[in-house]
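With mature numbering (1 follows the signal peptide of the UniProt record, and there is no 0) applied, the sequence shown covers -22 to -1, 1 to 304.
From the three backbone atoms N, C-alpha and C, an ideal C-beta is built for every residue, glycine too.
Taking it in order: structure first as structure tokens, then the write-up.
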Amino acid sequence: MLKKISAALAGGLLLASTLAGCGDDGGGSGSSGDDKITLGFAQVGAESGWRTANTKSIQESAAAEGIELKFNDGQGKQENQIKAIRSFITQRVDVIAFSPVVESGWDPVLKEAKDAGIPVILTDRAVDSKDTSLYKTFLGSDFVEEGKKAGEWLVKEYEGKSDPVNIVELQGTPGAAPAIDRKEGFEEVIKADPKFKIVASQTGKFERTGGKQTMETMLQSVKDIDVLYAHNDDMGLGAIEAIEAAGKKPGQDIKIITVDAVKDGMTALSEGKINYIVECSPLLGPQLMDLVKKVNNKEEVPTRILTEETTFTPEQAKEALPNRKY
Ligand code: AHR
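In structure tokens, the structure reads:
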């Protein structure tokens, strides 16, 4: 509380307006007016099954931990996320967490949060800010590693064969960390063998409809497609619709690798329509709430917390599906 008021005064704000922003008792916990921690969370949007599961995990974990959650859906726009973060600062929440839709352009708003004395946690996606003092920690996957795992499966699958392998790539949202990193990791692994050629690479914006539309265009413009590498399940599932509509068999005529391992993706994998999935876990809620409590208590936290993940073949998908939570 004292820290927040001094920070607000240092920032040139009037005490009266600070207290007004804190709710009925002027207490330090956002607008809740009690000892509850208030967390402002700026979500990317609802572009994929992964995102829906991630939102659910955050909402359920906040409720389970008695943390008051102010949730904002940025609808895939950075400007909306920046507005939401500014509003959390004005409301004087205790902690801000967010999943940045793109990597760049966050420094000014993160500086505002820092000046207001509100700790920030990055979840799921990173920012490319050079000033790491602008956030306390980053909880999420290693997307470069995910791309590498996708490439490693492909290299093994075509081991001992010398014919060219034409790959089309469905990229995620332009400028988003998982789109940049999954591309980088995949290319790093396949570049060792010149038979692998990425013949087309376009965005499907991590959405099912985006994946379908982009795949339709690729099917018309690229003659022989051997492999589709989709940066997430949803785009892969949309592409499967386009492939089937073009009279081809997904998983056979065109081999498909995706990332995420949500239920719909795992079902397609178990049916042989997808050949391999690299897992990216959306269940970040419990770890996030633990971090929120720690940074609110001014405890030290590691600057990077990696999510544990695996990979799935069709057989492994069949085994895992009955217990898959999302
Ligand atoms: O940032 C995680 C990625 O974002 C997931 O792989 C994708 O499905 C989501 O939209």
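Heavy atom of ligand 1 within 8 Å of residue i beta-carbon
i	result
residue 38	no
residue 27	yes
residue 77	yes
residue 58	no
residue 19	no
residue 22	yes
residue 155	yes
residue 238	yes
residue 184	yes
residue 35	no
residue 119	yes
residue 106	no
residue 253	no
residue 102	yes
residue 51	no
Three-state class that DSSP yields for residue i in the structure shown
i	result
residue 184	coil
residue 167	helix
residue 21	strand
residue 264	helix
residue 205	strand
residue 14	coil
residue 34	helix
residue 199	helix
residue 365	The requested residue 365 is not part of the displayed model; the chain covers only -22 to 304.
residue 175	strand
residue -1	Note that residue -1 has pLDDT 31, beneath the 50 cutoff, so the model's placement of it is unreliable and no number is given.
Limits of the alpha helix (DSSP H) - the one that residue i falls within
i	result
residue 241	241 to 248
residue 282	From DSSP, residue 282 is part of no alpha helix (DSSP H) but of the beta strand (DSSP E) over 282 to 284.
residue 214	211 to 223
residue 46	Not the alpha helix (DSSP H): residue 46 falls in the beta strand (DSSP E), residues 46 to 51.
residue 69	Note, residue 69: premise wrong, no alpha helix (DSSP H); not H, not E.
residue 296	292 to 298
Segment limits, beta strand (DSSP E) that includes residue i
i	result
residue 253	Taken as a continuous stretch (DSSP letters only), residue 253 belongs to no beta strand (DSSP E), as it is neither H nor E.
residue 233	233 to 238
residue 73	73 to 76
Integer Cβ distance of residue i from residue j, believed to fall under 8 Å
i	j	result
residue 217	residue 250	No, residue 217 and residue 250 are not in contact; Cβ-Cβ is about 15 Å, not under 8 Å.
residue 75	residue 279	Not confirmed; about 12 Å, so no contact.
residue 118	residue 106	That pair is no contact at about 14 Å.
residue 22	residue 44	With 8 Å as the limit, residue 22 and residue 44 do not qualify as a contact, their Cβ atoms being about 26 Å apart.
residue 147	residue 176	6 Å
residue 237	residue 186	Actually they do not touch by this definition, with Cβ atoms about 14 Å apart.
> Can you list, in chain order, the stretches of the beta strand (DSSP E) that have 3 or more residues and sit fully within the region 87 to 159?
Replying inline: 98 to 101, 115 to 118 and 143 to 149
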